[in-house]
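Each protein sequence line maps, in turn, to chains E and Y.
Count along the first sequence starting at 1, add 126, and that's the number in our numbering.
Count along the second sequence starting at 1, add 16, and that's the number in our numbering.
Where is the CB? At the ideal position from N, CA and C, for every residue including glycine.
Treat the numbers as computed from the prediction; the structure is a model and nothing was measured.
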Amino acid sequence: MKLIIIFFACAAAFGQPADDRKPDRIISIEAERFTYNPARITVNPGELIEFVLTSDDTGHGFRIPSAGIDVAIPARGRGEIRVRFQAPASGEIAFECSRPCGAGHNLMRGTILIKKASKKS
Amino acid sequence: MVNFKWQTVVTAFACSSILFAQVSPDFELRLADLENKMRQIDPAFRPSIGTETLEARLSKLEGLFSAILSKPQPAVQMSALTAPVAQAVPAPAAPPPSANEETRLPVAGYMDFHVNKDRGDPFRPDFHRFVLLFGHSFSNRIKFWSELEVEHALVEGGEPKGEVALEQAYLDFLIKPYFNLRAGMLLTPVGITNERHEPPAFNGVERPFVETFIIPTTWRELGFGATGTFGKGFRYRAYLTSALDATRFSAEMGIAEGRTSGFDASFRNPAKVARLEFAGVRRLTLGTSIYSGHTGFRLEGLNPRVTIFDADGRYSWKRFDGRALFANTWISQAGQLNQNLRQTFGASPNLGSQMRGYYFEPAVHLMPTKLRHDLIFFTRYEKYNTQQEMPTGFRALPVFNRSAWVTGLTYKPHADVAIKFDYIFNRNASSVLKPVDGINLGIGWWF
């Protein structure tokens, strides 16, 4: 009986593709040599974030190594790229430019800071 | 009896959901995808595609997931499990990158082709810079970056023509956002242009005069140091680098020719350089740099100190851009240095004890922002004096008290391609030796 219920729950979950869900928050990030703005983002645990990524100059990359995300941000005037990321329960997650963009490329980085879950009594 | 009925209903519903799942066109594909992911987690796992029912395969997966979750997990794996797969969704209004017609090469680089003309002189074409950049990530924490440059298209042994130069080559050791280590051939972090010298990144065919005569550009030295960010938009770089060579300073070029660029450099008295930047407000960057180093490693009994202070900023608001920079250079023992160099080379370079320069550059984007093309009109005023203050017994020459208005257009058919034109009104304080105006055309690109 328990197995059937678990199976049913799993089947229901599989039937709901992740990208159909409405993001909890949309955050715009503008990239430029050699910074992201904002470069430090605070999110809630478990939040589904949709990043809208644009560039003010050349094409850049947006890579979150711990989540397997790596997308190319088009150069200025060439549109935007959207990428979704579900925040884990806690921690600080680094993101970085993955497309060579000049002398400061290696340090073009930012941080996603997961807020600590508040304990309700 | 009631309990039996309830179980019957649930079982029937579950069976119907199984049936539905079986007839769902992509259910099996999703299951296979999950099995593949499980295989990445547990290489020993073997999916039983075609030999077991979907239910049996799902049960096996459930059992494995339960077993994994029941074990204590290291932090890294937990974060991998709790950070679900992300999706890259191109914006409906924007072309996806794959439709962007742009191909990526395994190397990056930039090129700079100029045609310069001073009044009364013929046009001089010059393939000024051909630069290839190579980077490599050994891991998420150890990264390499380099820049190899050919200047003026041709290099011949012993001839005063072009140059092949290692402009950058360093390793970054990424430790914490606020503290990372860097070592190798480094760009000295002073001013705007030295670390942002890609042709589409600045207006004007040539780099600003102030960032040529007061702050040398491109200025690279061997060294090591720390880099990082403090949060709220503050970031820093602080290095120890090889020293400038005072024997090559001159009244006209200031300290620019004193760069060793890593060749036959000295680390006996390493220079200290630090830069602090604030980029916490969108499209605003403010920066300040301090450089201090002894420069007498080729001199006998004399070791003048060069100190540079710089403050600069860039800002964009709607269609308007602006950038400004102020820099001051001090040379200690400048009088003794002039005498020493006169004894060595037969003529005094007449070096000043202070050099000063500043510029400001407003610019406006003339084309609608929706267009892919960009046309920028800019005007830059520069004032630079390589003999701002003279040591006792030496007199400043007005010809080195210079200024310039540079005005022109930058057309960008692509953000990485800049076709440039500018006209330079050169001025100095001399009533005898007047500079001539110049016209510059250029194409620069980054890839």
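In this structure, how does DSSP classify residue i when only helix, strand and coil are distinguished?
i, result
"Y/LYS76", "helix"
"Y/ILE230", "helix"
"Y/ARG291", "strand"
"Y/PRO378", "strand"
"Y/VAL433", "strand"
"E/ARG208", "strand"
"Y/GLY303", "strand"
"Y/ASN444", "strand"
"Y/VAL92", "Any reading at Y/VAL92 is ruled out, since the residue's pLDDT is 31, under 50, leaving its predicted position unreliable."
"E/LEU179", "strand"
"Y/PHE313", "coil"
"Y/PHE361", "helix"
"Y/LEU238", "strand"
"Y/GLN349", "coil"
"Y/ARG212", "coil"
"Y/ALA30", "Confidence at Y/ALA30 is low in this model, with a pLDDT of 45, below 50, so its placement is unreliable and the value that follows should be read with caution. It is helical."
"Y/ARG388", "coil"
"E/THR237", "strand"
"Y/ALA199", "strand"
"Y/THR323", "strand"
"Y/LEU182", "strand"
"Y/ARG330", "strand"
"Y/ARG264", "helix"
One question on the structure: do residue i and residue j come within less than 8 Å of each other, judged by their Cβ atoms?
i, j, result
"E/LEU239", "E/ILE167", "yes"
"Y/PHE325", "Y/ILE306", "yes"
"Y/THR402", "Y/GLU268", "yes"
"Y/HIS123", "Y/PHE150", "The question names His, but residue 123 of chain Y in the sequence shown is Val. A contact, by the Cβ cut-off of 8 Å."
"E/GLY203", "Y/ARG388", "yes"
"Y/SER419", "Y/LYS399", "yes"
"Y/TRP8", "Y/TYR126", "No answer is possible for residue 8 of chain Y: it lies beyond the span of chain Y, which begins at 17 and ends at 463."
"E/ALA198", "E/GLY187", "yes"
"E/GLU163", "Y/ALA295", "The residue you asked about is not Glu; residue 163 of chain E is Asn in the sequence shown. Yes. Within cutoff."
"Y/TYR255", "Y/GLY241", "yes"
"Y/ILE435", "Y/VAL422", "no"
"E/ASP182", "E/GLU218", "no"
"Y/ILE347", "Y/PRO320", "yes"
"Y/ASP188", "Y/LYS159", "yes"
"Y/LEU164", "Y/LEU148", "yes"
"Y/TRP462", "Y/ASP432", "yes"
"E/GLU179", "E/PRO149", "Inspection of the sequence shows that residue 179 of chain E is occupied by Leu rather than by Glu. It is not a contact, given that the beta carbons lie outside the stated cut-off."
"Y/SER369", "Y/PRO414", "no"
"Y/ARG236", "Y/THR204", "yes"
"Y/THR301", "Y/ALA327", "no"
"E/ARG210", "E/GLU176", "yes"
"E/PRO191", "Y/ASN156", "yes"
"Y/ILE191", "Y/LEU182", "no"
Note down, in chain order, every chain Y residue with its Cβ under 8 Å from the Cβ of residue i.
i, result
"E/THR184", "GLU214, PRO216, ALA431, ASP432, TRP462"
"E/ARG151", "Neighbours of E/ARG151 on chain Y: none; closest Cβ ~14 Å, over 8 Å."
Quick one: which chain E residues come within Cβ less than 8 Å of residue i?
i, result
"Y/THR243", "LEU233"
"Y/LEU203", "ALA229"
"Y/PRO384", "Per Cβ cutoff of 8 Å: no residues; Y/PRO384 is ~10 Å from chain E at best."
Chain E partners of residue i, CB-CB under 7 Å?
i, result
"Y/LYS159", "ASN232"
"Y/GLY151", "PRO226, HIS231"
"Y/ASN156", "PRO191"
"Y/GLN184", "ALA229"
"Y/GLU514", "With chain Y represented from 17 up to 463, any question about residue 514 of chain Y goes unanswered, as that position is not in the structure."
"Y/SER124", "First, the amino acid is wrong: residue 124 of chain Y is Ala here, not Ser. The answer, in chain order, is PRO226."
Is it the case that the CB of residue i approaches a heavy atom of the ligand ATP more closely than 7 Å?
i, result
"E/ARG235", "Within the structure as shown, the ligand ATP is missing, as the structure has no ligands at all."
Taking residue i as the query, report the chain E residues whose CB atoms sit under 9 Å from its CB, ordered along the chain.
i, result
"Y/GLY79", "Simply none; closest approach about 10 Å."
"Y/ASP188", "ASN232, LEU233"
"Y/PRO224", "By Cβ distance, chain E contributes nothing, its closest Cβ being about 17 Å from Y/PRO224, past 9 Å."
Can you round the beta-carbon distance between residue i and residue j to whole angstroms, since I take them to be within the 8 Å contact cut?
i, j, result
"Y/ASN219", "Y/ALA343", "At roughly 19 Å, the Cβ-Cβ gap does not stay under 8 Å, so Y/ASN219 and Y/ALA343 are not in contact."
"Y/ASN444", "Y/ASP453", "Not confirmed; about 12 Å, so no contact."
"E/GLY228", "E/ARG159", "5 Å"
"Y/GLY10", "Y/ASN285", "Beyond the ends of chain Y as shown, which are 17 and 463, falls residue 10 of chain Y; an answer cannot be given."
"Y/ARG291", "Y/VAL206", "7 Å"
Starting from residue i, find everything on chain Y with Cβ-Cβ shorter than 9 Å and list it in chain order.
i, result
"E/ALA243", "Going along chain Y, no residue has its Cβ under 9 Å from E/ALA243, so there is no contact; the nearest lies around 12 Å."
What residues from chain Y crowd round residue i, counting only those whose CB sits closer than 7 Å?
i, result
"E/GLU156", "ARG298"
"E/THR161", "ALA295"
"E/ARG166", "GLY247"
So does the stretch 243-253 of chain Y actually touch the stretch 266-281 of chain Y, counting three or more Cβ pairs closer than 8 Å?
no
Is it the case that the stretch 227-244 of chain Y contacts the stretch 361-379 of chain Y, given that we only count it when at least three CB pairs across the two stretches are under 8 Å?
yes
Quick check: the stretch 203-216 of chain Y against the stretch 404-413 of chain Y, are at least 3 beta-carbon pairs closer than 8 Å?
no
Indicate whether the contact test is met: 3 or more Cβ pairs, each with one atom in the stretch 308-321 of chain Y and one in the stretch 255-266 of chain Y, closer than 8 Å.
yes
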